[in-house]
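*Asks:* After the structure tokens below, expect a handful of questions from me.
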Amino acid sequence: MKKWMIPGIGAAAVVLVIAVVVLTSGGKADTGTPAGVTAAYLDAMKSGDYAKAYQYAGQEFDKEAYKNSAGFQKNVLAETYAQMEYEIGGEEIQDNKATVEVTVRNANYMELLDQAIYETLKQGGDDAYTEQVYLENLKKAEKKEETVLVNYRLEEGEWVFDGSNSLLQAAMLGYLRMPE
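Here it is in structure tokens:
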């Protein structure tokens, strides 16, 4: 390799690193808007920071209930949320109410869980086996796409969920529309 090529590669690497830093740090959601809160909520769910997600939703996270829930349940939900993809669409604000359109893509949690439990019962397995089957199937599962509206209200200067937004919750786990 010629000596003059190495500085060019070094400069290209520096430019690439700067671009990555700018793009990733600039991607942080602006939680002063309903669309920003939606993105921050979904990012927190994807990363497993449920306490933070509940904060964005204006709800109380029950740490004790989470601590006492089954490890199997925590693991499969965490993996399911982690592989979720989403796109924030339009945002409409009227006075102290707002809606945000969001498109979510994910595997159908209920379908995969049913398959894993069925296989476990057939094989005489335990929770660890069910989790293993679930996670293997999750990797291969087709993601379903759903578009929902997330409702917000302005509360003490902050945008919080208005109601449970159960359609968003179902879309996040891929089972907004169950197979017939």
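Position in the sequence shown (first residue = 1) + 366 = the working numbering. Beta carbons: idealized from backbone N, C-alpha and C, even for Gly.
1) Under the rule that 16 or more other beta-carbon atoms within 10 Å means buried, what is A507, buried or exposed?
2) Which of the three DSSP states, helix, strand or coil, is assigned to G455?
3) Rounded C-beta distance between A419 and A410? I'm assuming under 8 Å.
4) Give, in chain order, every unbroken run of the alpha helix (DSSP H) that is at least 4 residues long and sits entirely within the region 460-541.
5) Measuring CB to CB, does N517 end up less than 7 Å from T465?
6) Taking the alpha-carbon of N474 as reference, which of Q535, G402 and Q425 has the nearest alpha-carbon?
7) Taking contact to mean 3 or more Cβ pairs, one atom from each stretch, closer than 8 Å, check whether the region 441-455 and the region 399-414 are in contact.
8) Ignore the nearest five residues each way along the sequence and tell me which others in Q481's own chain have a CB closer than 7 Å to its CB.
9) Can you list, in chain order, the residues of its chain with a C-beta nearer than 8 Å to that of E497? Leave out the 5 residues immediately preceding and following it.
10) Determine the burial state of G567: buried for a count of at least 16 other Cβ atoms within 10 Å of its Cβ, exposed for fewer.
11) Which of the three DSSP states, helix, strand or coil, is assigned to E430?
12) Mind checking which residues open and close the alpha helix (DSSP H) that includes G437?
*Replies:* The answer reads as follows:
1) Translated into positions along the sequence shown, residue 507 becomes position 141. Buried.
2) For the purposes of this step, residue 455 is taken as the residue at position 89 of the sequence shown. Three-state result, G455: strand.
3) Looking up residue 419 in the sequence shown gives position 53. Looking up residue 410 in the sequence shown gives position 44. Between A410 and A419 the Cβ distance is about 4 Å, and since that is below 8 Å, they are a contact.
4) Taking only runs of at least 4 residues, the alpha helix (DSSP H) segments lying wholly in the region 460-541 are 475-489, 493-506 and 532-538.
5) Taking the sequence shown and counting its residues from 1, the one referred to as residue 517 is at position 151. Taking the sequence shown and counting its residues from 1, the one referred to as residue 465 is at position 99. Their beta carbons are under 7 Å apart, which means N517 touches T465 by this criterion.
6) In the sequence shown, counting from the first residue as 1, residue 474 sits at position 108. Checking every option, the nearest Cα to that of N474 belongs to Q535.
7) yes
8) Position 115 of the sequence shown holds residue 481. These residues qualify, in order along the chain: N503.
9) Within the sequence shown, numbered from 1, the residue matching residue 497 stands at position 131. Counting only Cβ-Cβ distances below 8 Å, and skipping sequence neighbours, we find F438, N441, V442 and A482.
10) With the chain represented from 367 up to 546, any question about residue 567 goes unanswered, as that position is not in the structure.
11) Counting from 1 along the sequence shown, the entry for residue 430 is found at position 64. E430 falls in the helix class under three-state DSSP.
12) In the sequence shown, the residue the question calls residue 437 occupies position 71. Where G437 is concerned, the enclosing alpha helix (DSSP H) stretches over G437 to A448.
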